[in-house]
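Below is one structure; the comments refer to it alone.
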Amino acid sequence: MRIAVVHRDRCHSKKCGTECIIYCPRVRTGDETVVIGDAGTAVVSEELCVGCGICIKKCPFSAIDIVSLPEELPNPTHRYGKNAFALYGLPIPVPGKVTGLLGPNGIGKSTSVQILSGSLRPNMGELDREVPWKEILSHYTGTELFEYLRMVSEGHVKTATKPQYIDYIPRIFQGTVGQLLKTTDERGQLERYVDAFSLLPLLDRSIDSLSGGELQRVAICACLSREADFYFLDEITPFLDIYQRMAAATLIRELAAERPIMIVEHDLAILDLVADTVHIAYGKPAVFGIVTQPKGVRVGINQYLEGYLAEENMRFRDYQVVFERRLHGERPELEVLTEIPSMKKAYPDFTLEVQGGEIHCGEVLGLVGPNGIGKTTFARLLAGEEQPDSGKMPQALTISYKPQYLKADSDETVEEILRGCTNRFESSFYQHEVLEPLALVPILASPAKTLSGGELQRLAIATCLSREANLYVLDEPSAHLDVEQRVKLPRIIRNLAQEREAGIMVIDHDIYLIDIISEGLMVFSGDPGRHGVAEGPFTMREGMNRFLQTLGITFRRDRSGRPRINKPGSFLDREQRATGTYYYSEITKS
78 MRIAVVHRDR CHSKKCGTEC IIYCPRVRTG DETVVIGDAG TAVVSEELCV
128 GCGICIKKCP FSAIDIVSLP EELPNPTHRY GKNAFALYGL PIPVPGKVTG
178 LLGPNGIGKS TSVQILSGSL RPNMGELDRE VPWKEILSHY TGTELFEYLR
228 MVSEGHVKTA TKPQYIDYIP RIFQGTVGQL LKTTDERGQL ERYVDAFSLL
278 PLLDRSIDSL SGGELQRVAI CACLSREADF YFLDEITPFL DIYQRMAAAT
328 LIRELAAERP IMIVEHDLAI LDLVADTVHI AYGKPAVFGI VTQPKGVRVG
378 INQYLEGYLA EENMRFRDYQ VVFERRLHGE RPELEVLTEI PSMKKAYPDF
428 TLEVQGGEIH CGEVLGLVGP NGIGKTTFAR LLAGEEQPDS GKMPQALTIS
478 YKPQYLKADS DETVEEILRG CTNRFESSFY QHEVLEPLAL VPILASPAKT
528 LSGGELQRLA IATCLSREAN LYVLDEPSAH LDVEQRVKLP RIIRNLAQER
578 EAGIMVIDHD IYLIDIISEG LMVFSGDPGR HGVAEGPFTM REGMNRFLQT
628 LGITFRRDRS GRPRINKPGS FLDREQRATG TYYYSEITKS
């Protein structure tokens, strides 16, 4: 069985020499294996294609993918059309539990939810007709999904959804936060949710004036407040600090005792804490996706990190994610890039106090703490954009900064933006260490304003790292990146730090990413929005222990070396709290 997919947003037949047609061996023999369709994009015949892969290599825009699948794979659950994405399998909502859906972006998670919510009828791979529900239900007879899909077919399932890209909300709703939330208060829990998410000061604010973190909290609150038979939350963590993530996790677990909830989340620490079971979605993004049967959350996440599904006997990644133990010893002995003096910066409503320390050349530092605690102010002090009220930086560093919130309003293409940031664009190092790991090659010809949230984030990371600087500061680079992309990010950043002998600071709330990427840690504490204190840099062990103690959570490591949040009140949680060891680096049996 062969799947041919033409990415229509990348296919620019008027800008190329139609290499896919010219070099196709079947076309040369007289067959119409590849033609230019009415829409001006290539159309590939899956029946005639022999899977040689020549068109894939010759296409200058990487617009074609051809994948050979095992013959025993059943008909797809849904396919969007000829030369379009195909989904195999569906996750199973379970009453009284949180079901996780884990996989890369573009693998079919949103399609699965559209089917489960009743907004999309699966076509079972039949492109020329509308498949009746009777045939669909016949296919699922005897499975756990039968009864649920029967209710969907009869229109008896009401769904509440928290979308992935929350920036679309202001385009749909005009008004204040309070007005929006009142329309969703169907369970009588709004007042409690508003208090849990600290939304009271925002109720009179206009929706279009909110920051990303504020909008995310409003979106989660609105979803959980609705009366529904099935709740779906697509990425709850972007732009939220760890305190807000823990609050969201607590409320989701509470609601799951009454209603089935499905969650897509790339922050593995939060997914591990919230979910009871996980379905792994694998395949090739934007080409095809396969959803596995449910697995225990620990087993499922570990198999995903390993890249091998034991029950399916399927290796879907040629490398495994390893949590390196070396990162948790002493900070490396490197040349000092700059001294951080003790200093203070006061604004009318906020004060930041910075304790002294050092930043080393070629070192990656993690910066952790709640939102509004002064991390961005600290970066501006280092860059010389702000002057401290007391204390003085020995020199103003050349700093390259990736902001937390991104906007895409440029008509320039990805390639034009990157070429404007670096003269190394053609170098082998830049191609192999930046463009390829960040998967930017296929979208080089795409205008920035057409990019999705994940693509825009990868472009922003590349833009920041492309500039010449002494210090690079990346503010929440993990937002909208899937697990696969987060896995590659530490290697990209470390290699650039060593190659340029520059310092790199990563501000992020994904503890897994901070754990993998950092060689030292700065901890910000205090009263968010009023007073912040920056301490460190510490060793990873000391810094994480300080940080987790303020959160009131403990971490352990399982056999894979993966850090896991202990269940509150469990034996390990009580034991670590008693000894003051919140960040536990030894491997445990579970």
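Just so you know, the sequence shown maps onto residues 78 to 667 in the working numbering. Glycine residues also receive a C-beta, built at the ideal position from the N, C-alpha and C atoms.
{"query": "Cβ contact (3+ pairs, closer than 8 Å) linking the segment 467-482 and the segment 603-616", "result": "no"}
{"query": "Under the three-state DSSP convention, the category A237 falls into", "result": "strand"}
{"query": "Anticipated Cβ contact below 8 Å, L551 with I538, distance rounded", "result": "7 Å"}
{"query": "P519, DSSP secondary structure in three states", "result": "helix"}
{"query": "T154 versus E124 - alpha carbon distance", "result": "20 Å"}
{"query": "From E513, A140, A525, S504, residue whose alpha carbon lies closest to that of I494", "result": "A525"}
{"query": "Residues bridged to G443 [DSSP beta-bridge criterion]", "result": "V583, L598"}
{"query": "Supposed close pair A611, F427 - CB separation, criterion 8 Å", "result": "Between F427 and A611 the Cβ distance is about 13 Å, and since that is not below 8 Å, they are no contact."}
{"query": "Nearest neighbour of S302, chosen from E331, Y507, P278, K484 [CA to CA]", "result": "E331"}
{"query": "Coarse secondary structure for I340, derived from DSSP in three states", "result": "strand"}
{"query": "Among K644, N622, S90, K186, the one whose alpha carbon lies nearest that of T327", "result": "K644"}
{"query": "Reduced DSSP secondary structure (H/G/I, E/B, other) of D552", "result": "strand"}
{"query": "N-terminal and C-terminal residue of the alpha helix (DSSP H) that T453 is part of", "result": "452-460"}
{"query": "Per DSSP, cross-strand counterpart(s) of G373", "result": "T354"}
{"query": "Any 3 or more C-beta pairs closer than 8 Å across the segment 348-366 and the segment 174-183", "result": "yes"}
{"query": "C-alpha gap between L404 and D86, whole angstroms", "result": "Per-residue confidence for L404 stands at a pLDDT of 46, beneath the threshold of 50, marking its modelled position as unreliable; the derived number appears in the next sentence. Rounded to whole angstroms, L404 to D86 spans 41 Å at the Cα level."}
{"query": "Within 8 Å, strictly: CB atoms of I584 and A346", "result": "no"}
{"query": "H89 versus G613, R156, N572, P519, residue with shortest Cα-Cα distance", "result": "P519"}
{"query": "Backbone CA spacing between A377 and E312 [nearest angstrom]", "result": "Looking at the sequence shown, residue 377 is not Ala but Gly. If you take the alpha carbons of G377 and E312, they lie about 18 Å apart."}
{"query": "L474 vs F601 beta-carbon contact at 8 Å", "result": "no"}
{"query": "Residues that P416 bridges to, as DSSP identifies them", "result": "Correcting the residue identity first, residue 416 is Glu in this sequence and not Pro. Beta-bridge pairing links E416 to E435."}
{"query": "Cβ neighbours of E532 in the same chain (closer than 7 Å, five flanking residues each side left out)", "result": "I520"}
{"query": "Which of helix, strand or coil DSSP assigns to L317", "result": "coil"}
{"query": "Where P168 falls: helix, strand or coil (DSSP)", "result": "coil"}
{"query": "Contact belief for V341 with K186 at Cβ below 8 Å, rounded distance in angstroms", "result": "5 Å"}
{"query": "Distance, F307 Cα to E263 Cα", "result": "14 Å"}
{"query": "Cβ distance (whole Å) where L628 is taken to contact Y660 below 8 Å", "result": "With a Cβ gap of about 11 Å, L628 and Y660 do not count as contacting."}
{"query": "Cβ-heavy atom distance, F250 to the ligand PLP, below 7 Å", "result": "Although the ligand PLP was asked about, the structure shown includes no ligands whatsoever."}
{"query": "Simplified DSSP assignment, three categories, for V112", "result": "strand"}
{"query": "Separation of G451 from Y270, as counted between CA atoms", "result": "26 Å"}
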